[in-house]
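If you use this note's numbering, the sequence shown corresponds to residues 71 to 586, in order.
For each residue, glycine too, the CB sits at the ideal point set by N, CA and C.
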Amino acid sequence: MIMNSHKKLVLAISVLTSLSMVSCKKSFLERKPTDQAVTEDVFNTIEGAQAAVQGMNRLVYRIGDETNSFAFLSQCLTYDLMGEDMPVNSYGSNWFIQEYRYTAARAAVDNGLYAWGYYYQFINNANFIIANVDNVVSDQGAKDMVKAQALAYRAWAYFNLCRLYQHTYKATVTGSGTKWPGPVTKAPAVPLYTAPTQTPAPRASMETVYKQITDDLTAAIALFDGSGISRSTKSEINGNVAKGIYARVALEMQDWDKAATYARQARNGYNYMTAADIGAGFNSVGNAEWIWGAAMNQEQSAPWYSFLAQMDQDNGMHSARQQKMVNRQLFNKYLDTTRDARKVWWTKAGDPAAGYVPYSQRKFRAVTKGGYVGDYPLMRASEMALTEAEALAQQNKVAEAAAVFNEFVQTRRPTYNAPTNSSDTLIKEIWIQRRIELWGEGFRFFDIKRQQATFTAVKLAPNQIGLVRTVTQGHIVSILGSASMNFGQYSPAFLWRIPGGEFLANKTLGTADQNP
71 MIMNSHKKLV LAISVLTSLS MVSCKKSFLE RKPTDQAVTE DVFNTIEGAQ AAVQGMNRLV
131 YRIGDETNSF AFLSQCLTYD LMGEDMPVNS YGSNWFIQEY RYTAARAAVD NGLYAWGYYY
191 QFINNANFII ANVDNVVSDQ GAKDMVKAQA LAYRAWAYFN LCRLYQHTYK ATVTGSGTKW
251 PGPVTKAPAV PLYTAPTQTP APRASMETVY KQITDDLTAA IALFDGSGIS RSTKSEINGN
311 VAKGIYARVA LEMQDWDKAA TYARQARNGY NYMTAADIGA GFNSVGNAEW IWGAAMNQEQ
371 SAPWYSFLAQ MDQDNGMHSA RQQKMVNRQL FNKYLDTTRD ARKVWWTKAG DPAAGYVPYS
431 QRKFRAVTKG GYVGDYPLMR ASEMALTEAE ALAQQNKVAE AAAVFNEFVQ TRRPTYNAPT
491 NSSDTLIKEI WIQRRIELWG EGFRFFDIKR QQATFTAVKL APNQIGLVRT VTQGHIVSIL
551 GSASMNFGQY SPAFLWRIPG GEFLANKTLG TADQNP
């Protein structure tokens, strides 16, 4: 049952809660002797506490339980497939089709089911670490580093849950038949747990959960800044990452000043990619602009259970039968007619000899052609620049916003100059660049929700407000089930439904607590 993860707090040094995942293959669990459940005695030493945090790092990208459930990377793929910019060319092996059709989120199956338990694993284990690490006999800086990472992970997990199970934070929902009309801040989010407990909790309000998120991030940033310790790999969270997470949260909350400030601080010390970097396959945490990334190896990139098995057509796996494409309207209007270096991320004409269909993706490729190993970006300097530019433009600081925006875009398109006639025009242009730059990195679904709530006059297609997916954009009629899909800005389709197992285990919830 879903609530078992709240009632039985389990930490695994190498892979957290691996023993609680009923479908894990035995061979995976036995690969390393450290893949075992441990108890409170892990906090007898600082090394044990640090190992617990490393387990959380690995949980971001561990091999999943099914071919389409491979930790956070499968969630990111889901979020892009639920947008309008990632059509697929066929059913393939049927992986991710229910996500693409919105039925996984609405029926709580596949990744629509996986998400709830997945993020609560981070919360449960973060709570366990936070409750125990202060008692470890060790250098204060080392303890602060462990606690800061746990706080940041808890905030990150709650932020993702809130965005899945409720409308965007600053929306005021209207319309007949709306279950929770009015400010979304007062609407139910998810159960809130801040300490190890066996007592289930009801859905807390959005403003309550977001208050916890911002408190956690504020505390984490202070601890990171004061610890005096640097991380050993980009797979770990540090102060830059925590500030980047806060920038994302502040953007959602329309706290424009904090969004701009933390985004600028998050990217401090990171350079933008060169043209050579852009075309290199997007597969190395060594990339100069990656702030946070999943450093993968052969075990974490198994043929059937990996992001690149779904994305890189050269390895002949699922991606060869179901190619991920770009919205052809987006490509033709904003990339094809320009000298933008990112054109190499998609093949407009295709390559029949190599098996690529037109508009098929080449952004994400394995390190070795035909292989499955490649790192994955979790946060980049370019995202932070886009966030900073938008936050400044939202404050009508057009000149400042354009300067940040131009500095970034000109690394992709040297002759680019941002529109400065109005903040609204500039904001729309920034949104377009987010669609191009962050394609395949898990942002589009959340951007759709966030942008609809605030700027109802901005149309994603002629005479439409909301998500619109059509055949002319590259989506396949037989997969969609109709010629187009159109969801209004407050459509229930945007709300993921809570898994039934949670209602069986959590008796504070009743049928009235389910999303419509």
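- Task: Take every Cβ of the region 374-391, pair it with every Cβ of the region 314-323, and state whether three or more of those distances are shorter than 8 angstroms.
- Result: no
Review point. Taking Cβ positions, are A451 and Y332 nearer each other than 8 angstroms?
Key: no
Presumed contact (8 angstroms Cβ cut-off) between I199 and A220, rounded CB distance = 4 angstroms
Can you name, in chain order, every residue of its own chain whose Cβ lies under 6 angstroms from the Cβ of T242, other than the five neighbours on each side?
P253
Original post:
Is T87 buried or exposed, if buried means 16 or more other CB atoms sit within 10 Å of its CB?
Top reply: Low local confidence applies: a pLDDT of 35 at T87 is under 50, so the model's placement there is unreliable, and no value is given.
*Tell me E136's beta-bridge partners as DSSP assigns them.*
S139
**OP:** Output the distance between the C-alpha atoms of R567 and M152, rounded to the nearest integer angstrom.
**Re:** 15 angstroms
> Would you report the Cα separation of S430 and D406, rounded to the nearest angstrom?
Replying inline: 14 angstroms
What does the Cβ neighbour count give for V279, buried or exposed, with the cut at 16 atoms within 10 Å? buried
Original post:
Alpha carbon to alpha carbon, what distance is there between N476 and A423?
Top reply: 38 angstroms
Check your understanding: For the beta strand (DSSP E) that contains N385, what are its first and last residues?
Key -> Segment: none, N385 is in no beta strand (DSSP E) and carries neither H nor E.
### Query
In chain order, what residues of the same chain lie with their CB nearer than 7 angstroms to the CB of A317, ignoring the 5 residues before and after it?
A329, Y332, A333, A336, M454 and T457
Can you check which of these residues, F478, K249 and D384, is closest to D421 by C-alpha distance? D384
inquiry  = For the beta strand (DSSP E) containing T540, name the first residue and the last one.
reply    = L537 to T540
**Prompt:** Does DSSP classify R450 as helix, strand or coil?
**Reply:** strand
Since A119 and V203 are thought to touch, with beta carbons under 8 angstroms apart, how far apart are those beta carbons, to the nearest angstrom? 5 angstroms
### Message
Let me confirm a value: G309 is counted as buried when at least 16 other C-beta atoms fall within 10 Å, else exposed. Which label applies?
### Response
buried
Please report the straight-line C-alpha distance between R539 and Q399, rounded to a whole angstrom.
11 angstroms
Inset, instruction - Taking only the alpha-carbon atoms, compute the straight-line gap between R273 and K256 and give it to the nearest angstrom. - result: 11 angstroms
Check: For P253, which residues does DSSP report across the bridge?
Finding: T242
*Going by other Cβ atoms of all chains shown within 10 Å of its Cβ, with 16 needed for buried, is I502 buried or exposed?*
exposed
Inset, instruction - Less than 8 angstroms between the CB atoms is what I'm expecting for F434 and F352, so what's the real figure, rounded? - result: 5 angstroms
| Nearest to Y223 (by Cα), restricted to the options M276, P251, L287 and A553 | L287
Practice problem: Have a look at the DSSP bridge pairing and note the partners of Y426. | Solution: D421
Requested in this report: Using three-state DSSP, classify L99 as helix, strand or coil.
Outcome: In this prediction, L99 scores a pLDDT of 21, lower than 50, which makes its location untrustworthy; no coordinate-derived value is stated.
- Message: Run through the DSSP bridge pairs and tell me what N556 is partnered with.
- Response: V538
> Since E480 contacts W165 with CB under 8 angstroms, what's their CB separation in whole angstroms?
Replying inline: Reading off the sequence, residue 480 comes out as Gln, not Glu. Q480 to W165, Cβ: 38 angstroms. No contact.
Can at least three beta-carbon pairs, one atom from the region 350-364 and one from the region 483-495, be found at a separation below 8 angstroms? no
- Mapping DSSP to helix, strand and coil, what is P258? strand
Between A122 and N194, what straight-line distance do the alpha-carbon atoms span, to the nearest angstrom? 12 angstroms
Alpha carbon to alpha carbon, what distance is there between G510 and R301? 27 angstroms
| message | Can you tell me whether E470 sits near the ligand NAP, meaning its C-beta is under 7 angstroms from at least one heavy atom of the ligand? | response | As for the ligand NAP, it is missing from this structure, which has no ligand bound.
How long is the line joining the alpha carbons of K519 and T238, rounded to whole angstroms? 6 angstroms
Which one of R176, L234, Q464 and P251 has the shortest CA to CA distance from A259?
-> L234
Report task. For K577, I'd like the list of residues in its chain whose CB is within less than 7 angstroms of its CB, leaving aside the five on either flank, ordered along the chain. Result -> P270
- Query: Does the distance from the CB of G162 to the CB of S297 come in under 8 angstroms?
  - Reply: no
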